[in-house]
Each structure stands twice: as structure tokens, then as C-alpha cells.
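With the first letter of the sequence shown counted as 1, position 10 gets the number 405 in my numbering; the numbers rise by one all the way through.
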Amino acid sequence: MYNAAEAAGSTRTATDATAAADVAVAAAATAAVTTASAIAARRRKGTAVAALLAGDALVHAFWATGATWPADSTEALSQGLLNADVPFTPRVLLPLCALLTTAAVGIYAHSRGRGGRLAALVTAAVATGLTVRAGAGVVWAFGVGADPGSTFHRLNLAVYTPVCVGFGYAAARVALDGIARRPSRLLRTRTAGR
396 MYNAAEAAGS
406 TRTATDATAA
416 ADVAVAAAAT
426 AAVTTASAIA
436 ARRRKGTAVA
446 ALLAGDALVH
456 AFWATGATWP
466 ADSTEALSQG
476 LLNADVPFTP
486 RVLLPLCALL
496 TTAAVGIYAH
506 SRGRGGRLAA
516 LVTAAVATGL
526 TVRAGAGVVW
536 AFGVGADPGS
546 TFHRLNLAVY
556 TPVCVGFGYA
566 AARVALDGIA
576 RRPSRLLRTR
586 TAGR
């Protein structure tokens, strides 16, 4: 009788150990899938924001040639885009084109774990810039500083502000995900035994 109870106890212990090992393997597999999906999501967001910035850089390069599409004149283009009279000359547009291209490369690199602190800083700057522009767009949507009947006001409501809200959020997620995945220096030195 004693041996049967002892045998049942050892079988239960082995079963419990097997179940615990199965749970640990399942948890590790779930964590790997979650990590892989988080990496893929960060890359998609980074690619989307980089594509927006690169497209914007291309449009600015096109305008630097003297073209005014989609407007009829430089004044109409300036009013429709900025709600102000600003010169659309290569001297103004080409540095902006270079800045947008640099921002696109930086956020693309950061979304893939490349570029180090500089890419992280560029990504944070893009997120901040888009968020500030989204906030200004909300203010302009209420007619503060923008004529409610103007082309700029309509474009601000339909395009500029929604794009800045969505892509600002995506850029912020890429920036914050990059911070979350990078261990602190203190943690790295402690694990290295220093």
C-alpha cells in the first residue's frame, strides 16, 4: 500500500513538472510571437512615416523647379499650404527638402534598430513636430488665425490635421518603442558585472 501511494505521488510530481515545462515553453513561444509582431508593427509605422516625409521632400523638390501644382500661382500655393505669403524659391525649398529627407532616413533607420542615438533623436523630433502641427491644426480648425472660408481652412480640416495626428502618433510610437527596447546604461553595466 505504501509503495502504491508513493508511486502515485511520484507520477503526480512528474506530471506537474511536465505541465510546468509545457507552460514555460508556451509562454516563451507567446513572448517570441509578441516580440516579432511588435517589431513588425514598429517597422510598418516607421516605414509609413518615412514614406510620408520622403514624399513631402519630393513635392518640395518639385516646387523648387518653379512648378506650382496643384495651385495656379505661387501666391495661391503659399496661401493654400501655409495660410501666409511665403516665397516658394529653391533657396527656401531645398533646405526643407534636405531636412525632410534626413528625417525620413532617421525614422526609417530607428524603426529598424539602426542609427543609434541620432536616429532616435530625429524620430523624437519628427514625432514632436507632427504633434505640434496637429495641435495647431486643431486651433485653426476652430477658425483661430484662419479664415473659415479659405482653401487653407478646408485643407487643414480634411488633410493636414488628420495626417499630422495619425502620423504623429505613429512616429511617437516608433520613438517610444525604441526607448522601451533599449536597456538603460545602468542595467547594462550591472549585467556586465561592473
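Beta carbons are placed, not taken as given, at the ideal position from N, Cα and C, and that holds for glycine.
Original post:
Around the C-beta of F537, are 16 or more other C-beta atoms found within 10 angstroms, so that it is buried, or is it exposed?
Top reply: Against the sequence shown, residue 537 aligns to sequence position 142. The residue is exposed, with fewer than 16 neighbouring Cβ atoms inside 10 Å.
**OP:** Give the C-beta separation of G573 and T518 to the nearest angstrom, bearing in mind that I take them to be a contact with Cβ-Cβ under 8 Å.
**Re:** Residue mapping note: residue 573 aligns to position 178 of the sequence shown, counting from 1. Residue mapping note: residue 518 aligns to position 123 of the sequence shown, counting from 1. That pair is a contact at about 7 Å.
Subject >> Anticipated Cβ contact below 8 Å, V521 with V444, distance rounded >> reply: Your numbering for residue 521 matches position 126 in the sequence shown. Your numbering for residue 444 matches position 49 in the sequence shown. Contact flag correct, Cβ pair sits at about 7 Å.
**OP:** Report the three-state DSSP secondary structure of R369 (helix, strand or coil).
**Re:** Outside the shown range of the chain (396 to 589) lies residue 369, about which nothing can therefore be said.
Original post:
What span of residues does the alpha helix (DSSP H) with F483 cover, start to end?
Top reply: For the purposes of this step, residue 483 is identified with residue 88 of the sequence shown, where counting begins at 1. Counting along the chain, F483 falls outside any alpha helix (DSSP H), and DSSP gives it neither H nor E.
Original post:
Tell me which same chain residues have a C-beta within less than 7 Å of the C-beta of A483, skipping the five on either side of it?
Top reply: Here residue 483 corresponds to residue number 88 of the sequence shown, with the count starting at 1. According to the sequence displayed, residue 483 carries Phe and not Ala. For F483, where only same-chain residues beyond five positions count, the Cβ hits under 7 Å are W458, T469, L472, S473.
Subject >> Beta-carbon separation (whole angstroms), G475 vs L550, contact threshold 8 Å >> reply: Within the sequence shown, residue 475 is the residue found at index 80, counting from 1. Within the sequence shown, residue 550 is the residue found at index 155, counting from 1. Confirmed, about 6 Å.
Subject >> Three-state secondary structure assigned by DSSP to R509 >> reply: By one-based count along the sequence shown, residue 509 stands at place 114. In the structure shown, R509 sits in coil (DSSP, three-state: anything other than H, G, I, E or B).
Original post:
Smallest Cα separation from G382: which of A570, G530, R439, G524?
Top reply: Nothing about residue 382 can be reported from this structure: the residues present for the chain run from 396 to 589 only.
Original post:
What are the boundary residues of the alpha helix (DSSP H) that S545 is part of?
Top reply: Numbered from 1 along the sequence shown, position 150 holds the residue referred to as residue 545. Run containing S545: none; DSSP gives neither H nor E here.
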